[in-house]
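Protein chains: 2
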Amino acid sequence: MNPLFTARTSVEQVEEGLFLAPKFDCNGLIPVVTTDFNTGEVLMHAYMNEEALVKTIETGEAHYYSRSRQQLWHKGQSSGLVQKVAQLTIDDDQDCLWMQVIIAGSGASCHVGYRSCFYRRIPTGKSAVSSQQPLQLTFTETEKTFDPKAVYGDTPNPTQL
Amino acid sequence: MNPLFTARTSVEQVEEGLFLAPKFDCNGLIPVVTTDFNTGEVLMHAYMNEEALVKTIETGEAHYYSRSRQQLWHKGQSSGLVQKVAQLTIDDDQDCLWMQVIIAGSGASCHVGYRSCFYRRIPTGKSAVSSQQPLQLTFTETEKTFDPKAVYGDTPNPTQL
Numbered sequence: 001m002n003p004l005f006t007a008r009t010s011v012e013q014v015e016e017g018l019f020l021a022p023k024f025d026c027n028g029l030i031p032v033v034t035t036d037f038n039t040g041e042v043l044m045h046a047y048m049n050e051e052a053l054v055k056t057i058e059t060g061e062a063h064y065y066s067r068s069r070q071q072l073w074h075k076g077q078s079s080g081l082v083q084k085v086a087q088l089t090i091d092d093d094q095d096c097l098w099m100q101v102i103i104a105g106s107g108a109s110c111h112v113g114y115r116s117c118f119y120r121r122i123p124t125g126k127s128a129v130s131s132q133q134p135l136q137l138t139f140t141e142t143e144k145t146f147d148p149k150a151v152y153g154d155t156p157n158p159t160q161l
Numbered sequence: 001m002n003p004l005f006t007a008r009t010s011v012e013q014v015e016e017g018l019f020l021a022p023k024f025d026c027n028g029l030i031p032v033v034t035t036d037f038n039t040g041e042v043l044m045h046a047y048m049n050e051e052a053l054v055k056t057i058e059t060g061e062a063h064y065y066s067r068s069r070q071q072l073w074h075k076g077q078s079s080g081l082v083q084k085v086a087q088l089t090i091d092d093d094q095d096c097l098w099m100q101v102i103i104a105g106s107g108a109s110c111h112v113g114y115r116s117c118f119y120r121r122i123p124t125g126k127s128a129v130s131s132q133q134p135l136q137l138t139f140t141e142t143e144k145t146f147d148p149k150a151v152y153g154d155t156p157n158p159t160q161l
């Protein structure tokens, strides 16, 4: 185990303890919620492996593990949209991270070109489901903040069907 | 497939389309980031299966799938801390949800008794790692908002080692 981490020995120690004892899943990953430190907006949901977490802690810049490319991913390396870590917290059972970041440049985080990856709203309520027809989304962002083709060129799209 | 969902046929349709085409993982789950609609604080990170997502959409109240209890989980059923959905969005590749909620009662969401599940900060920067000693956490919440024993009694603790 990495010397920066502590072994998980009891529920009380994990939930109320003062030492970092992260739980990586069966693929060696821990989910990360990334929000904009200034606006509170959820920008993205991604994963870190042990190496990415240690790099993030050490450098103060967001590093993830890319599941599509299967490699360490220093966010912003291609696009310039580096994420500076303002605050990093871990949850009660230490199997999820919340990272508040400050972003260089246009402030975008989404490979599709939007500011946040969460740019479509799902309708809720009885009226939304009463007809049992496919649910229609509403865009919450209407303008892209950058042109993905210009930034990423021919890099394969990470979205999997 | 549920009639409310649409099949995933192309990257463009998933990323830019107007219909809900959620991707559930190999366990039939989709991760959900839950934030407080009023404060923007990240409250919890959990999972929904298809049934939980449909129930959430239909009722406007957060339903999750409890991985520890392996069953549908209407949040607040034991504690009274029901989460009313103010806005539900899905991300670019439609494999993650962001749910903004308004909470009844004390506004707490964490089974340990804190407002947010994310109540401990991880130190960052070269000075944090230079000694290669176990990283020490800092509590960002100091007072519990309720007594978990009084609310949950002898219900098994969901934290897994």
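Read top to bottom, the protein sequences are chains L and A. Last residue of the first sequence: number 161 in the UniProt record's numbering, and the count goes up by one each step with no gaps. Last residue of the second sequence: number 161 in the UniProt record's numbering, and the count goes up by one each step with no gaps. For glycine and all other residues, C-beta sits at the position ideal for the given N, C-alpha and C.
Contacts around residue i, its chain only, beta-carbon distance under 7 Å, and the 5 residues preceding and following it disregarded
| i | result |
| --- | --- |
| L:Gln100 | Thr35, Phe37, Ala86 and Gln87 |
| A:Thr6 | Phe19, Leu20 and Ala21 |
| A:Leu43 | Thr34, Thr35, Asp36, Ser109, Ser116 and Cys117 |
| A:Glu41 | Thr35 and Ser116 |
| L:Ala128 | Leu135 |
| A:Asn27 | none |
With 16 other Cβ atoms within 10 Å as the buried cut-off, status of residue i
| i | result |
| --- | --- |
| A:Glu15 | buried |
| A:Gln70 | exposed |
| L:Gln83 | buried |
Residue i - DSSP class collapsed to helix/strand/coil
| i | result |
| --- | --- |
| A:Thr89 | strand |
| A:Ala46 | strand |
| L:Pro148 | helix |
| A:Glu15 | helix |
| L:Thr97 | In the sequence on display, residue 97 of chain L carries Leu and not Thr. Strand at L:Leu97. |
| L:Glu51 | helix |
| L:Lys84 | strand |
| L:Ile103 | strand |
| A:Ile57 | helix |
| A:Ser10 | coil |
| L:Val112 | coil |
| L:Ser66 | strand |
Contact check, residue i vs residue j, beta carbons under 8 Å
| i | j | result |
| --- | --- | --- |
| L:Trp98 | L:Val54 | no |
| A:Leu29 | A:Glu51 | no |
| L:Ala108 | L:Thr145 | yes |
| A:Gln136 | L:Pro3 | no |
| L:Thr138 | L:Arg121 | yes |
| A:Lys75 | L:Glu58 | no |
| A:Thr124 | L:Gly60 | yes |
| A:Arg8 | L:Leu161 | yes |
| L:Thr39 | L:Met48 | no |
| A:Pro158 | A:Ser68 | yes |
Proximal residues to residue i (C-beta, below 8 Å), its chain only, five neighbours per side dropped
| i | result |
| --- | --- |
| A:His45 | Pro31, Val32, Val33, Thr34 and Cys117 |
| L:Ser10 | none |
Residues near residue i by beta carbon distance below 6 Å, same chain, minus five either side
| i | result |
| --- | --- |
| A:Ser79 | Val151 |
| A:Lys23 | Gln94 and Asp95 |
| A:Ile102 | Phe37, Lys84 and Ala86 |
| L:Met1 | none |
| L:Ser131 | none |
Count Cβ pairs between the stretch 98-115 of chain L and the stretch 77-97 of chain A that sit closer than 8 Å; are there 3 or more? Touching, yes.
Is there contact here, the stretch 142-157 of chain A with the stretch 45-64 of chain A, by at least three beta-carbon pairs under 8 Å? Result no; under three Cβ-Cβ pairs closer than 8 Å.
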